[in-house]
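Asker: Residue numbers (mature numbering (1 follows the signal peptide of the UniProt record, and there is no 0)): -24 to -1, 1 to 534.
No residue lacks a Cβ here, since even glycine has one placed at the ideal position from N, Cα and C.
Since the structure is predicted, the reported quantities are computational estimates derived from the model, not experimental observations.
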Amino acid sequence: MAQVVRQPIILLVLLSCFIPDTKSNNAEIGVEIGERSPPNILLLYADDLGYGDISSYNQDSKIQTPNIDRLANNGMSFTDAHSSSGVCSPSRYALLTGRYHWRKFHEHLGRYGAPVLDKIQLTLAEMLKDVGYHTALVGKWHLGWDWNAIKKNPNNNRDFASDFDWSKRIPGGPIERGGFDYYFGDDVINFPPYCWFENEGVYGQIPNDYFNQEKFKQLNQKEGSMQHNAGPMRDDWDFYAVLPTLLEKGIKYIETRDKVTPWFLFFSFPSPHLPIIPNDKFDGASDAGPYGDSVVQLDDSVGRLLHAVDAAGFTQNTLVVFTSDNGPETLTSKLAYVRATRYGHWSSGILRGAKRDLYEGGHRVPMIFKWPGIIPEGKTISALISQIDIFATVAAIVGYELTSEDAEDSYNQLPLLSGNYDEKGTRDTIIYNTNEVPINRVYAVRHKELVYITSKTGYTWITPPQTWNNEYGYRDDWHNQGQLYNLTSDVGQRRNIIPINNRYQIPPPLRPLIKQLKALLTKIRTSKSDSPRLLPMCLAKTRIMELDEVINRCKYST
């Protein structure tokens, strides 16, 4: 006989979209920061790193990350931080623009993707340039270039090196659209062309070969697959040299900065994204297989970048931010799920889901801030925060007045970071979207402790094997009318509050709540902004009603 579970939840009869503007919330903070020089900013962005991969976030992690842990000990860690999407390109767009990715596009860019940043869109790098910063991006870009500008014949395909004029400038990339002063990277590690780029052109040897299936077979990837994409490459291209080369460039950038001009370095890691190819010296460095070893190498790289900051004398006036674009990969061979069974390491930690998913594991990510003298050390915060908020927060730090057209979904979290604000923070709502198939494009709305997923399941691409479900205590809980979870009492999303014994109707007691959450989702999606600074009046009032008795009448299986 199924057990009847009675769980109280809170019904928000009227949801509020109003949150006070924090720009003028604490004058003392502004004075304190105003007496300092503008901080250098080092933004460290991991690729496909799970919430449970960092040892400071997961005491059961089979991967030790001492350098990231040290960063956490010297700064502030957020346990409820989110990327805009469960896939890479949308999250990067949101980070650099301060706006939800779904206001422009939904899916990741394929090979030879066109630029997604509009010429008129203010970016984080452009804003910092406007106030005197030198700005650089080293590593992954994945927000498109105008590849047609270097094609020899628009009617030819783009599979061979001879199809392009590599001597030409390539517009639409990090310099022209991203607003950076300097770029060095390989664009995307598993997409052609396989070569180096500097600023707006190819750096060093141009592609003169073709990376095909035979060359792919020769690559000694250590776990999973290459996620292979054929195309032009340098005949001496070495995938194992990508991260070390980027690291060398990043360190050199820091070492060559002067003490007068503030700088912003966006170091965008290519790992632990596929291919999983940690350098040989890191083999066996973790208890989670080659993927874990790749995370150890990432951690080592973080340590070396932070050491460069220290050695150059920038420590006291450098804001460091560490986070990831989305959760861990499962696409080929159900990677993260297999790893959990084989090594006892679940990359999403306490969370359900992985990359691409609407469940928390798809977009809840590690996020750490460090700024000596401003951000309290060793503090862990449970406030809801988004990577979108980095934009308005940095704007407040450097004294940039954003217009109504800039970073319209970004919340200023500086008071929270400064330790002078209620730990609930300034944000209570986020709209998630993550699906690469337009016909199945789905959303979720998070309001305070509640999250409503509009689809019958939060898995959008790969479903976990039954062995994993059994081991981690999950069951089939899909419902045609969506999924509702209370993340305060059920962060692992094991109990869909919408009863599963009737898959086609929402029980009457829950209908007002679902209606209000859907209305909030629609309100934000159809509005031009979600930033509190752009909401001059309360859009709705909040009244909280306990629904214990109502929910007690709503029986569902466990």
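Out of 166, 125, 369, 485, point me to the one whose CA is closest to residue 176's CA.
Answerer: 125
Asker: If you measure between the beta carbons of residue 334 and residue 405, is that distance less than 8 Å?
Answerer: It is not a contact, given that the beta carbons lie outside the stated cut-off.
Asker: Given 8 Å as the limit, is there contact between the segment 434 to 444 and the segment 324 to 334, that is, 3 or more CB pairs closer than that?
Answerer: yes
Asker: When the Cα of residue 426 is compared with those of 450, 441, 459, which residue comes out closest?
Answerer: 459
Asker: Label residue 549 either buried or exposed according to how many other C-beta atoms from any shown protein chain fall within 10 Å of its C-beta, with 16 as the threshold for buried.
Answerer: The structure shown does not extend to residue 549, since the chain is modelled only from -24 through 534, so no value can be given for it.
Asker: Going by Cα to Cα distance, which pick from 160, 87, 164, 21 is closest to residue 178?
Answerer: In terms of CA proximity to residue 178, 160 leads the group 160, 87, 164, 21.
Asker: What residues in its chain sit with their C-beta under 7 Å from that of residue 470, if we drop five residues either side in the sequence?
Answerer: 449, 450
Asker: By DSSP, does residue 69 sit in helix, in strand, or in coil?
Answerer: Here residue 69 sits in helix by DSSP.
Asker: Using the beta-carbon count (16 or more within 10 Å), is residue 480 buried or exposed?
Answerer: Exposed, by the Cβ-count rule.
Asker: Assuming residue 362 contacts residue 403 under a Cβ cut-off of 8 Å, what Cβ separation, rounded to an integer in Å, is found between them?
Answerer: 7 Å
Asker: Grab me the residues of residue 23's own chain with a C-beta within less than 8 Å of its C-beta, minus the 5 sequence neighbours each way, in chain order.
Answerer: 64, 116, 244, 245, 246, 247, 248, 249, 300, 301
Asker: Tell me whether residue 145 is buried or exposed, calling it buried when 16 or more other Cβ atoms sit within 10 Å of its Cβ.
Answerer: exposed
Asker: By the 10 Å Cβ neighbour count, where 16 or more other Cβ atoms means buried, how is residue -3 classified, buried or exposed?
Answerer: For residue -3, the predicted model reports a pLDDT of 38, less than 50, meaning its position is unreliable; a value from the coordinates is still stated below. Residue -3 comes out buried.
Asker: Near residue 447, which residues of its chain fall below 8 Å by C-beta distance, leaving aside the five closest residues on each side in sequence?
Answerer: 316, 317
Asker: By the 10 Å Cβ neighbour count, where 16 or more other Cβ atoms means buried, how is residue 385 classified, buried or exposed?
Answerer: buried
Asker: From this set, 78, 101, 252, which residue's C-alpha is nearest residue 19's C-alpha?
Answerer: 101
Asker: Counting pairs of Cβ atoms below 8 Å between the segment 275 to 284 and the segment 34 to 43, do you hit three or more?
Answerer: yes
Asker: Hey, would you say the C-beta of residue 357 is under 7 Å away from at least one heavy atom of the ligand FAD?
Answerer: The ligand FAD is not among the ligands present in this structure, which contains no ligands whatsoever.
Asker: Whole angstroms are fine: how far does the CA of residue 152 sit from the CA of residue 98?
Answerer: 12 Å
Asker: Can you tell me whether DSSP reads residue 182 as helix, strand or coil?
Answerer: coil
Asker: Are there three or more Cβ pairs, one per stretch, closer than 8 Å when the segment 74 to 91 is compared with the segment 473 to 492?
Answerer: no
Asker: Using a Cβ-Cβ cutoff of less than 7 Å, which residues in the same chain neighbour residue 169 once the five nearest sequence positions on both sides are dropped?
Answerer: 183, 207, 208, 209
Asker: Taking a contact to mean a Cβ-Cβ separation below 8 Å, would you say residue 229 touches residue 252 in this structure?
Answerer: no
Asker: Around the Cβ of residue 353, are there at least 16 other Cβ atoms within 10 angstroms (buried) or fewer (exposed)?
Answerer: Residue burial annotation: residue 353 is exposed, with fewer than 16 other C-beta atoms found within 10 angstroms of its C-beta.
Asker: Between the alpha carbons of residue 264 and residue 510, how many angstroms are there, rounded?
Answerer: 46 Å
Asker: Going by beta-carbon coordinates alone, are residue 374 and residue 57 separated by less than 8 Å?
Answerer: no
Asker: By Cβ distance below 6 Å, which residues in the same chain neighbour residue 351 in space, the five residues on each side in sequence not counted?
Answerer: 51, 52, 345, 393
Asker: Skipping 5 residues on each side, what residues in its chain have a beta carbon closer than 6 Å to that of residue 343?
Answerer: 54, 57, 299
Asker: Since I believe residue 388 is in contact with residue 368 (beta carbons under 8 Å), could you give me their beta-carbon distance rounded to a whole number of angstroms?
Answerer: Taking 8 Å as the upper bound for CB-CB distance, residue 368 and residue 388 are in contact here, some 4 Å apart.
Asker: Report yes or no: do three or more beta-carbon pairs, one from the segment 77 to 97 and one from the segment 106 to 122, lie closer than 8 Å?
Answerer: yes
Asker: So for residue 190, helix, strand or coil by DSSP?
Answerer: helix
Asker: Using 8 Å as the threshold, is the C-beta distance between residue 324 and residue 304 below it?
Answerer: yes
Asker: With residue 107 as the anchor, note down where its alpha helix (DSSP H) starts and where it stops.
Answerer: Looking at the DSSP string, residue 107 is not in any alpha helix (DSSP H), and its letter there is neither H nor E.
Asker: Rounding to the nearest angstrom, what Cα-Cα distance links residue 127 and residue 86 in this structure?
Answerer: 17 Å
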